[in-house]
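Working notes, beginning with the structure itself.
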Amino acid sequence: MAHSRILDEQHLGSIVDIRYNNDIQQFEYYIHFDGWNKRLDEWLSVDDLDLSDLPERLAEHSRRERQRQERRRSRTSSSANAGKRQRKTDHSLSIENGHCSASAGASANAVQGGSDKKPSSEVVTRVKNLHSISIGRWEIETWYYSPLPPEYCNLRTLYICEFTLKFFRTKDGLLRHLARNTRWHPPGQEIYRKENLAVFEVDGARNRFYCQNICYISKLFLDHKTLYYDVDPFLFYVLCEIDSFGYHFVGYFSKEKASEENYNVACILTLPPYQRKGYGKFLIALSYELSRREGIRGSPEKPLSDLGLLGYRSYWSQVLIDLLMQAKTPLSIEDIANLTMMKTEDIIGTLRALDLVHYHEGQHIIDLRRVQHMRLGNRGMPFDPQYLRWTPPTGRKRRGL
Numbered sequence: 007m008a009h010s011r012i013l014d015e016q017h018l019g020s021i022v023d024i025r026y027n028n029d030i031q032q033f034e035y036y037i038h039f040d041g042w043n044k045r046l047d048e049w050l051s052v053d054d055l056d057l058s059d060l061p062e063r064l065a066e067h068s069r070r071e072r073q074r075q076e077r078r079r080s081r082t083s084s085s086a087n088a089g090k091r092q093r094k095t096d097h098s099l100s101i102e103n104g105h106c107s108a109s110a111g112a113s114a115n116a117v118q119g120g121s122d123k124k125p126s127s128e129v130v131t132r133v134k135n136l137h138s139i140s141i142g143r144w145e146i147e148t149w150y151y152s153p154l155p156p157e158y159c160n161l162r163t164l165y166i167c168e169f170t171l172k173f174f175r176t177k178d179g180l181l182r183h184l185a186r187n188t189r190w191h192p193p194g195q196e197i198y199r200k201e202n203l204a205v206f207e208v209d210g211a212r213n214r215f216y217c218q219n220i221c222y223i224s225k226l227f228l229d230h231k232t233l234y235y236d237v238d239p240f241l242f243y244v245l246c247e248i249d250s251f252g253y254h255f256v257g258y259f260s261k262e263k264a265s266e267e268n269y270n271v272a273c274i275l276t277l278p279p280y281q282r283k284g285y286g287k288f289l290i291a292l293s294y295e296l297s298r299r300e301g302i303r304g305s306p307e308k309p310l311s312d313l314g315l316l317g318y319r320s321y322w323s324q325v326l327i328d329l330l331m332q333a334k335t336p337l338s339i340e341d342i343a344n345l346t347m348m349k350t351e352d353i354i355g356t357l358r359a360l361d362l363v364h365y366h367e368g369q370h371i372i373d374l375r376r377v378q379h380m381r382l383g384n385r386g387m388p389f390d391p392q393y394l395r396w397t398p399p400t401g402r403k404r405r406g407l
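Numbering (the working numbering), first residue to last: 7 to 407.
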């Protein structure tokens, strides 16, 4: 048992790693809490651990391990006896199958490598290599491991310029940079401005350093995404709050310049201090407006994170319920797809989750009576398409409908 400082509760956990903390002159233990997301993993001292039932747990573990070994020996013995009988009856086949078995093993490994299962090395919890990041006026505790350049690993706090996204090992280094900095907004082209919000389109090929650092930052808060070092094929849409001091990084989404699957989002993140304020829905709405102007039905790249799925489900639900409530005539799934630029599988999945659709005689039937009684939650930060100054690149419009 261990006391989670984040949850402020006792929970069962596993020790993933151990380190010696020179500041407090004692060992610390990196704990993963059973049944909880890895973003709650943390370093704890021995004072936070309850080892009173450890002898009983070790005894139970030893008993189960002995049972496993006995079952394994029993299976091995049975297989050996069967093998002897097989060799006696068909020795030549056994010799020929020696090569086939090796090939089969290689094929099995190839199949396993291409499956959805994570390799065993990835299943093990990776230890967070940063306690926190300092960006703008925020110090944010990190959630996950990120493969940062070696010089920035294992710091307690990584200091980040919120305007250029340059990394610094110390606060003094950041302050020296800010004293001579002349850029107070992201690179790229400003495509949206309304009141105190702005969005910049940043080309990964033209601003590699900035976009790579976005990826490093996002990996600290997204566990499911692969980090791509090659940012050239991607565009990044960076959302900022504006005040007299400059443009403050809120979040972003990225998308491939040319996606064969018509994904309109590759990765999406709102920094934790700005979460639950509607910025995620703002970014999602922007991604679908880009799809609308391209004339392409879009969808986010899968899999989504747990928080990402919640955000998308909430956005999709609101869009569909609004549309169905305002419809003057019955709408088919195809009609809805044309009006929203959502893919049909996302529409059907959302309607099923809301229990608004059933399948009858080869068609999806929407229950409009239930729609009228549904209540919408927080609509999020409103996105206003008339303030978007953006046209699709040549060759993208109307492709893939």
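Heads up, the beta-carbon is just placed ideally off N, CA and C, and yes, glycines get one too.
ask   = Using DSSP with H/G/I as helix, E/B as strand and the rest coil, what is M380?
value = In the structure shown, M380 sits in coil (DSSP, three-state: anything other than H, G, I, E or B).
inquiry  = Check for me: the alpha helix (DSSP H) holding K177 runs from which residue to which?
reply    = 177-186 is the extent of the alpha helix (DSSP H) around K177.
request  = Mind listing, in chain order, the continuous beta strand (DSSP E) runs of no fewer than 3 residues lying wholly within the stretch 309-370?
outcome  = Runs of the beta strand (DSSP E) inside the stretch 309-370: 363-366.
ask   = Straight-line CA distance for A211 to Q378?
value = CA-CA distance, A211 to Q378, rounds to 48 angstroms.
inquiry  = Please state whether the Cβ-Cβ distance between P239 and E262 is less than 7 angstroms.
reply    = Closer than 7 angstroms, so yes.
ask   = In whole angstroms, what separates the C-alpha of G252 from that of E62?
value = Looking at the two C-alpha atoms, the distance is approximately 59 angstroms.
inquiry  = Once the 5 residues before and after V129 are set aside, which same chain residues still bring their CB inside 8 angstroms of it?
reply    = The predicted position of V129 is uncertain, since its pLDDT is 41 and thus under 50; a value taken from the coordinates is nonetheless stated next. Apart from sequence neighbours up to five positions away, no residue of its chain approaches V129 with a beta-carbon distance below 8 angstroms.
inquiry  = So, at 7 angstroms on beta carbons, what are the nonlocal neighbours of H183 in its own chain, with the 5 sequence-adjacent residues on each side left out?
reply    = Taken in chain order, the residues that qualify are C167, K172, F174.
inquiry  = So if DSSP puts G19 in a beta bridge, which residue, or which two residues, is it bridged to?
reply    = In the DSSP assignment, G19 forms a beta bridge with F39.
query = Since R3 contacts T170 with CB under 8 angstroms, what's their CB separation in whole angstroms?
reply = As shown, the chain starts at 7 and ends at 407. That puts residue 3 outside it, with no answer to give.
query = Under a three-way DSSP split, which group does Q218 fall into?
reply = For Q218, the secondary structure class from DSSP, reduced to helix, strand or coil, is helix.
request  = Check whether the Cβ of F288 lies closer than 7 angstroms to any Cβ atom in chain B.
outcome  = Absent here is chain B; the protein component of the structure consists of one chain.
key: Inter-residue Cα distance where the pair is E34 and T148   = So the alpha carbons of these two residues sit roughly 18 angstroms apart.
task = Taking all protein chains shown into account, decide if V52 is buried (16 or more other Cβ within 10 angstroms of its Cβ) or exposed.
result = With fewer than 16 Cβ atoms within 10 Å of its Cβ, V52 is classed as exposed.
query = To the nearest angstrom, how far is it from the Cα of P399 to the Cα of S265?
reply = Their backbone Cα atoms lie some 13 angstroms apart in a straight line.
query = Per DSSP, what kind of secondary structure is G257 in: helix, strand or coil?
reply = G257 falls in the strand class under three-state DSSP.
request  = Return the first residue and the last residue of the beta strand (DSSP E) that K200 is part of.
outcome  = In the DSSP assignment, K200 falls within the beta strand (DSSP E) that extends over 195-200.
message = Taking the alpha-carbon of N202 as reference, which of V133, A8, P388 has the nearest alpha-carbon?
response = The shortest Cα separation from N202 among V133, A8, P388 belongs to P388.
Environment of G41 [buried if 16+ CB atoms lie within 10 Å] = G41 counts as exposed, since fewer than 16 other C-beta atoms from the protein chains shown sit within 10 angstroms of its C-beta.
key: Anticipated Cβ contact below 8 angstroms, G304 with N270, distance rounded   = Going by Cβ atoms, the distance from G304 to N270 rounds to 3 angstroms, so yes, they are a contact pair.
request  = Tell me whether P391 sits in a helix, a strand or coil according to DSSP, three-state version.
outcome  = P391: helix per DSSP, three-state reduction.
query = So L329 and T346 are in contact, right, with Cβ under 8 angstroms, and what is the actual spacing, rounded?
reply = For a cut-off of 8 angstroms, the C-beta gap from L329 to T346 is around 7 angstroms, short enough to register as a contact.
ask   = Do you know whose CA, among R45, A8, K287, L50, lies nearest Y26's CA?
value = Y26 has its Cα closest to that of L50, out of R45, A8, K287, L50.
ask   = Just reading off the alpha helix (DSSP H) that I290 is part of, what are its end residues?
value = Looking at the DSSP string, the run of the alpha helix (DSSP H) that includes I290 is 285-300.
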